[in-house]
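Residue numbers (the numbering used here): 7 to 479. Here's the structure we're looking at; comments come further down.
Here you go:
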């Protein structure tokens, strides 16, 4: 019940935040619009467990928010605890609304504004046009974004563990670590995967029922409207409140804590060892993922046999596997088939590849589909073999998708927490592990340098993914 209620509440909030911000960015003209357009993506650089530990401090007992509230409402006044359903909902919604924003924004930018103009010319008000025309046309993208949010919430471990909110993912971790009961963990994992599959099937059903096509070749891009200085203040204030709560305020606190003497004392050889461990794991998993994903995507695209398509769909199974479930599956597999590798870094890399391979495939597949097979056939008629055709034709054309896939897998591996906690060798710590361990003990300053570095490493990846040159990939 906790998992379903959390996913439902976060889905509703992200739906409102994502669609409203996308509409403001695409339909309203105001100063700094392009700046806000990029700023609304910044929360994706903030892992949920980092946001959770920041809000544990801000909203916790005796924290700055409660102190300000007591100045207004009296010394006995209390705000809601961050270690609750409300706290988990707030943190997860602030971190995941960009999924809905990005897909809604894309739908609004590609929508033919003629549909809205016909409704307005028929005497329908602007609000009714939004409700009866615009939102129905956006429904497939909105449903896809909300489905991503729900899957993210269902599989999250870091935020719910720090906020002490019991979900299925947290329960799987507790069974594996606290009680060492892999049987109970397996049963809970089956429930968790089943729940994720239900959400995915429901999302596909909604999207199948919500397909819309433009039957004419006439297309007009949307026009942005001016709403005066009062409208500008209202829009800027609304966007500023969201970006401030989801990124600017947490980032400023991380910077402040990282500059404290306590945090500076942690910048020793051990800290740079954590950086090295995180980097080498992420690079190994990303490289292994794209080397496995590229042949899978290529064979499915060029030779779509049942076997090739089946292998590709099997690779997407990691999409519905939360971190603890992927870790449990790899752990059981290696203990049965190759126990000699138990407790090694190899198990960790395999779990990362299984878990994050779908993220790489989502970039590799479209990149290969955009390449005409005729180009490869022409190269072969000119005397090039398979190897030279790949090296001189296919790989240069798929370069952008290859790089984006690698960056996505690197970024997600760098932030991964539950699989690392469960499968890491003894004494092998990463940046994510240090953040979680220090934040669990409420050593906020000590966790800040590792958390800030994770965020800083995520920013170039986000800039790459939203830039015009790489957006198609």
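Cβ coordinates follow ideal geometry from the N, Cα and C atoms, glycine included.
Can you tell me whether residue i is helix, strand or coil according to DSSP?
i           : result
residue 232 : coil
residue 338 : helix
residue 219 : Since pLDDT at residue 219 reaches only 49, below the 50 mark, its modelled position is unreliable, and the value read off the structure follows with that caveat. DSSP places residue 219 in coil when its eight states are reduced to three.
residue 385 : helix
residue 25  : helix
residue 331 : helix
residue 169 : coil
residue 163 : coil
residue 432 : coil
residue 266 : coil
residue 466 : helix
residue 350 : coil
residue 309 : coil
residue 394 : helix
residue 46  : coil
residue 273 : coil
residue 404 : coil
residue 411 : helix
residue 7   : coil
residue 508 : Outside the shown range of the chain, which is 7 to 479, sits residue 508, and nothing can be said about it.
residue 449 : coil
residue 476 : Any answer about residue 476 is weak, because its pLDDT of 48 lies below 50 and its placement is not dependable; what the coordinates show is given next. Helix at residue 476.
residue 303 : helix
residue 422 : coil
residue 365 : helix
residue 344 : coil
residue 12  : helix
Evaluate residue i with the Cβ neighbour count: other Cβ atoms within 10 Å of its Cβ, from every protein chain shown; 16 or more gives buried, anything less gives exposed.
i           : result
residue 234 : exposed
residue 412 : buried
residue 312 : exposed
residue 394 : exposed
residue 319 : exposed
residue 345 : exposed
residue 475 : The predicted position of residue 475 is uncertain, since its pLDDT is 47 and thus under 50; a value taken from the coordinates is nonetheless stated next. The residue is exposed, with fewer than 16 neighbouring Cβ atoms inside 10 Å.
residue 303 : buried
residue 361 : buried
residue 107 : buried
residue 11  : exposed
residue 51  : buried
residue 181 : buried
residue 264 : buried
residue 392 : exposed
residue 116 : exposed
residue 386 : exposed
residue 275 : exposed
residue 42  : buried
residue 62  : buried
residue 348 : exposed
residue 338 : exposed
residue 78  : exposed
residue 161 : buried
residue 342 : exposed
Residue i and residue j look like a contact to me (Cβ under 8 Å); what is the Cβ gap, rounded to whole Å?
i           : j           : result
residue 374 : residue 307 : 5 Å
residue 141 : residue 9   : At roughly 28 Å, the Cβ-Cβ gap does not stay under 8 Å, so residue 141 and residue 9 are not in contact.
residue 351 : residue 55  : That pair is no contact at about 22 Å.
residue 165 : residue 94  : 7 Å
residue 370 : residue 299 : 5 Å
residue 90  : residue 25  : Their Cβ separation, rounded to whole angstroms, is 27 Å, which puts residue 90 and residue 25 out of contact at 8 Å.
residue 57  : residue 97  : 5 Å
residue 321 : residue 363 : 5 Å
residue 60  : residue 381 : That pair is no contact at about 49 Å.
residue 291 : residue 358 : 4 Å
residue 485 : residue 415 : The requested residue 485 is not part of the displayed model; the chain covers only 7 to 479.
Taking the DSSP output, what are the residues bridged to residue i?
i          : result
residue 34 : 231
From the beta carbon of residue i, is the nearest beta carbon of chain C less than 8 Å away?
i           : result
residue 165 : This model lacks chain C altogether; it includes just one protein chain.
Report task. Output the residue ranges of the alpha helix (DSSP H) runs that lie fully inside the region 52-129 and measure 4 residues or longer, sorted by chain position. Result -> Fully enclosed alpha helix (DSSP H) runs of 4 or longer: 54-65, 70-79, 91-116, 120-127.
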